[in-house]
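Numbering (our numbering), first residue to last: 3 to 145.
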């Protein structure tokens, strides 16, 4: 992710990546996913625009809710193999339990969001998480 694209250098992806045990690898995967996967389609570019439009609010949420930040960082670390597959456009299988865990984490974000724009972004991504067409777009199989 490019801090220059986030308002006042507030970027939740960079903050989360920096807090992982492999910050350089995670940051590289996030850049690759954004630039080589999401940026290749209009739907992906819309996801990128949404991300940057709420980035500052998202960072503020994490400042108010450090436990939510830690839970998200932990989820990111647990799901690095999935991120790696997505960033490299490789097929990946995700268990229902892993999907449920991410769904629950997004639900926590939705409940904690103070602004309607941030809540709406989380709700949109939450809906996409359960959409088989989105799974197919990213070559994900859920079992």
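Ideal Cβ positions, reconstructed from N, Cα and C, are used throughout, including at glycine.
Approximately 6 Å separates the beta-carbon atoms of residue 145 and residue 95; this is inside 8 Å, confirming the contact. Counting C-beta atoms within 10 angstroms of its own C-beta, residue 17 has 16 or more neighbours from the protein chains shown and is therefore classed as buried. About 13 Å separates the beta carbons of residue 28 and residue 88, which is beyond the 8 Å limit, so they are not a contact pair.
With respect to the C-alpha of residue 123, the residue from 66, 109, 26 and 134 having the closest C-alpha is 109. Counting only the Cα atoms, residue 65 lies some 30 Å from residue 136. Using a Cβ distance threshold of 8 Å, residue 141 and residue 83 do not count as a contacting pair. Residue 12 sits close to residue 57, with the two beta carbons spaced by under 8 Å. Taking 8 Å as the cut-off, the beta carbon of residue 25 is found no closer than this to the beta carbon of residue 60. The Cβ neighbour count for residue 90, taken over all protein chains shown within 10 Å, is under 16; the residue is labelled exposed.
When DSSP reads this structure, residue 95 sits in a beta bridge with 143. Under the DSSP assignment, residue 35 falls outside any alpha helix (DSSP H); it carries neither an H nor an E label.
In the assembly as shown, residue 41 is an exposed residue. Its beta-carbon has fewer than 16 other beta-carbons within 10 Å. With contacts defined by Cβ atoms closer than 8 Å, residue 98 and residue 131 do not form a contacting pair.
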